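Please read the structure below before turning to the comments.
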Amino acid sequence: MTGILPAHLRDLIIRPTLVDMGHYSPAAEALLLGIAAQESRGGRYLTQLRGPARGIYQMEPATHDDLWRHFLPSRRPLKALLLSWAHDPAPYPSPDQMVYDLRYATAMARVHYLRVPTPLPAADDLPAQAAYWKRYYNTPAGKGTVEQYIQSWHAYMGAPQ
Numbered sequence: 012m013t014g015i016l017p018a019h020l021r022d023l024i025i026r027p028t029l030v031d032m033g034h035y036s037p038a039a040e041a042l043l044l045g046i047a048a049q050e051s052r053g054g055r056y057l058t059q060l061r062g063p064a065r066g067i068y069q070m071e072p073a074t075h076d077d078l079w080r081h082f083l084p085s086r087r088p089l090k091a092l093l094l095s096w097a098h099d100p101a102p103y104p105s106p107d108q109m110v111y112d113l114r115y116a117t118a119m120a121r122v123h124y125l126r127v128p129t130p131l132p133a134a135d136d137l138p139a140q141a142a143y144w145k146r147y148y149n150t151p152a153g154k155g156t157v158e159q160y161i162q163s164w165h166a167y168m169g170a171p172q
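If you read the sequence shown in this note's numbering, its first letter stands for residue 12, the second for the next number, and so on.
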């Protein structure tokens, strides 16, 4: 599998972004690695081949905009931080920023999970992480499967570190 080396994505993008946001946990870090592995093959694809999704986590523009319209307004410090990272912040960044800005894409994927009331599964529980991704990110109607997520995780994490 080609893409960003998992250790680079984890150590240089995911972990520092989550720490800066005040929302780091090993579970969040593992889940975001898994999403990147499943959705974009670790950064091989930055736009969906046949669809609107954007960035390494393949978030759809409608989801991105919904987070800005309905979730972030009541979380002022987090909103202010994300706006400080924006290339074009008015009224909020374009979903296209997730294509070229790994920190922003990572932050938005984490924000997506902040609105889920169910706690994140443990970092070392890959089947639970896969099921969580399927339920809350890919959705029950999505084409991805728990089995695909697990296969993608192993293919991506098996890459040379």
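The C-beta atom is built at its ideal place from N, Cα and C for all residues, glycine as well.
Nothing here was measured: the structure is a model prediction, and the numbers come from that model.
Whole-number beta carbon distance between residue j and residue i, since they are thought to touch under 8 Å
i: Val122; j: Tyr147; result: 12 Å between Cβ atoms; not a contact.
i: Ala141; j: Tyr124; result: About 14 Å; that fails the 8 Å criterion.
i: Leu29; j: Ala39; result: 6 Å
i: Pro106; j: Arg61; result: About 17 Å separates the two Cβ atoms, so there is no contact after all.
i: Met119; j: His165; result: Between His165 and Met119 the Cβ distance is about 26 Å, and since that is not below 8 Å, they are no contact.
i: Thr117; j: Ile24; result: 6 Å
Coarse secondary structure for residue i, derived from DSSP in three states
i: Arg65; result: strand
i: Thr58; result: strand
Beta-carbon proximity of residue i to residue j, cut-off 9 Å
i: Tyr167; j: Leu42; result: no
i: Leu84; j: Pro72; result: The sequence shown places Pro at residue 84, not Leu. In this structure, Pro72 does not lie closer than 9 Å to Pro84 by Cβ.
i: Met174; j: Tyr68; result: Here the chain comprises residues numbered 12 to 172, so residue 174 is not present and cannot be evaluated.
i: Arg80; j: Leu44; result: no
i: Val89; j: Gly33; result: Reading off the sequence shown, one finds Leu at residue 89, where the question assumed Val. Contact flag set, yes.
i: Leu92; j: Asp31; result: yes
i: Gly155; j: Leu113; result: no
i: Ser36; j: Ala134; result: yes
i: Ala97; j: Tyr115; result: yes
i: Gln49; j: Asn149; result: yes
i: Ser163; j: Arg52; result: yes
(Q) Going residue by residue through the segment 76-144, where are the continuous alpha helix (DSSP H) segments of at least 4 residues, counting only ones entirely within it? (A) Runs of the alpha helix (DSSP H) inside the segment 76-144: 87-96, 108-111, 113-125 and 137-144.
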